[in-house]
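Numbering of the sequence shown is given in this note's numbering, commencing with residue 1 and proceeding in unit increments.
Beneath this line is the structure, given in structure tokens, with notes to follow.
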Amino acid sequence: LSGIVTPWRAKGLMNVVGKSIDDLGYLQILQARERLRRGVLTVMANNELDALVYATFDHQNTVIAPDALTNADTEDAYALGNNRYLSPVIGFPALTVPAGFTTDGLPVGFEFLGRPFTEAVLFRFGYAYEQGTHRRAPPATTPAFPDHP
Numbered sequence: 001l002s003g004i005v006t007p008w009r010a011k012g013l014m015n016v017v018g019k020s021i022d023d024l025g026y027l028q029i030l031q032a033r034e035r036l037r038r039g040v041l042t043v044m045a046n047n048e049l050d051a052l053v054y055a056t057f058d059h060q061n062t063v064i065a066p067d068a069l070t071n072a073d074t075e076d077a078y079a080l081g082n083n084r085y086l087s088p089v090i091g092f093p094a095l096t097v098p099a100g101f102t103t104d105g106l107p108v109g110f111e112f113l114g115r116p117f118t119e120a121v122l123f124r125f126g127y128a129y130e131q132g133t134h135r136r137a138p139p140a141t142t143p144a145f146p147d148h149p
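See the structure below:
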């Protein structure tokens with residue numbers, strides 16, 4: 001690897017290098033993925049839901065250390081508790097929207113997860129939420145942009 005990824009990400013990538021799609025572990029993951037897909041669809045159907053909504057992280061965000069690219073630790077708080085994995089794992093569309101700020105001024109968000117091919121529904125939900133809350137604003141750590149003509 002190039003060394004331009006965090007050590008914990010490189011470790012994960014090295015775990016799959018040289019493995020085949022016929023690998024037993026991969027086949028088991030595909031089976032689990034299908035069970036999860038069916039489970040999510042069942043929950044949504046049984047409860048007449050157009051989307052699931054959940055926080056993007058299960059903990060308060062932290063400021064990423066300046067040397068995180070070269071000196072990251074798998075235990076760093078910003079690397080754990082990421083709830084955004086459901087969508088790519090099961091292949092369903094999702095939309096993350098800003099939902100306000102922590103007491104430290106760091107952004108928080110939540111994600112709408114829809115059934116396959118319901119992207120338009122998710123965009124409507126996200127737009128309605130943003131119009132109703134007006135919570136979108138840059139964090140305090142964002143530098144000011146120069147004026148444009």
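Note that beta-carbon positions come from the ideal geometry of N, C-alpha and C, so glycine has one too.
{"Query": "Checking 8 Å against the spacing of the C-beta atoms, do G114 and A51 come in under that value?", "Result": "yes"}
{"Query": "Please go through the same chain and pick out, in chain order, the residues whose beta-carbon is closer than 8 Å to the beta-carbon of L49, but skip the five residues on each side of it.", "Result": "V43"}
{"Query": "Measure the C-alpha to C-alpha separation of D76 and P107 and round it to an integer number of angstroms.", "Result": "Note that D76 has pLDDT 48, beneath the 50 cutoff, so the model's placement of it is unreliable and no number is given."}
{"Query": "Would you kindly check if the distance between the Cβ of Y129 and the Cβ of V97 is under 8 Å?", "Result": "yes"}
{"Query": "What do you reckon, are the CB atoms on F112 and A94 nearer than 8 Å?", "Result": "yes"}
{"Query": "Look at the Cβ atom of F92, then the Cβ atom of P116, and state whether they are nearer than 8 Å.", "Result": "yes"}
{"Query": "Please classify G105: does DSSP put it in a helix, a strand, or coil?", "Result": "coil"}
{"Query": "Note down the Cα distance separating T103 from L122, rounded to an integer number of angstroms.", "Result": "28 Å"}
{"Query": "Since T56 and F145 are thought to touch, with beta carbons under 8 Å apart, how far apart are those beta carbons, to the nearest angstrom?", "Result": "Not quite, the Cβ-Cβ distance comes to about 25 Å (not below 8 Å), so this is no contact."}
{"Query": "Would you mind reading off the limits of the alpha helix (DSSP H) that contains A144?", "Result": "Element bounds for A144: n/a, residue is neither H nor E."}
{"Query": "P98 bridges to which residues according to DSSP?", "Result": "G109"}
{"Query": "Can you tell me which residues form a DSSP beta bridge with L52?", "Result": "L113"}
{"Query": "List the endpoints of the continuous alpha helix (DSSP H) containing P88.", "Result": "L86 to I90"}
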